[in-house]
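Visitor:
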Amino acid sequence: MILRTLCLTGALLFAAPVMVHAKEDMAPAVIVETADVQVGLNGLVCDFCSIALNKTFKKNKAVAATYVDLDTKILSVVFKEGHSLDDATLTKLVKKAGYSVTEITRKPVKSL
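Heads up: the sequence shown runs through residues -22 to -1, 1 to 90, numbered per mature numbering (1 follows the signal peptide of the UniProt record, and there is no 0).
#1: Just to confirm my understanding: we take K37, look at its own chain, exclude 5 residues before and 5 after, and list those with CB closer than 7 angstroms. What are they?
#2: Look at V56 and T83 and say whether their C-beta atoms are less than 8 angstroms apart.
#3: Which word fits D49, buried or exposed, when buried means at least 16 other C-beta atoms lie within 10 angstroms of its C-beta?
#4: Closer than 7 angstroms by C-beta to A30: which residues in its own chain qualify, once you throw out the five before and the five after it? Chain order, please.
#5: Helix, strand or coil for E11 per DSSP?
#6: Reducing DSSP to helix, strand and coil, say where T44 ends up.
#7: Sort out for me which residues DSSP pairs S78 with in a bridge.
#8: Excluding the 5 residues preceding and the 5 following A(-1) in the sequence, name in chain order all residues of the same chain whose CB lies nearer than 7 angstroms to its CB.
#9: Do V79 and L19 have their CB atoms nearer than 8 angstroms?
#10: Taking the straight line between their C-alpha atoms, what separation do you get for A40 and K51?
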């Protein structure tokens, strides 16, 4: 009975969606494509890692949506209109979630 409960619990935990706190109308591909910044990460291994990162970033008022790709170990962040976070703040948020930054890539600013 305990083994069955553990197996069921494990299956449910691994079935949790990676994109927990993104806007409901934004699919992961849209978030990645429209991301204002992409953060390379160290230490990601499971869905719990992505949940922790999403939760930490969504608490910040500048963040509209996040998506963690566990295969590439990249966090994509979409900011709310008129908002942004500097590299130091991004790094601080990643460290707060328990991970480290390998690189930060920003979307090129379009000139008018």
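Glycine residues also receive a C-beta, built at the ideal position from the N, C-alpha and C atoms.
Guide: On the basis of the coordinates in this document:
#1: Counting only Cβ-Cβ distances below 7 angstroms, and skipping sequence neighbours, we find nothing.
#2: For the pair V56 and T83, the CB atoms are not nearer than the 8 angstroms cut-off.
#3: When all chains shown are included, D49 counts as exposed.
#4: A75, G76
#5: helix
#6: Looking at T44 - three-state DSSP - the assignment turns out to be strand.
#7: N20
#8: For A(-1), the predicted model reports a pLDDT of 41, less than 50, meaning its position is unreliable; a value from the coordinates is still stated below. Closer than 7 angstroms at Cβ, skipping near neighbours: I9, A43, T44, Y45.
#9: yes
#10: 22 angstroms
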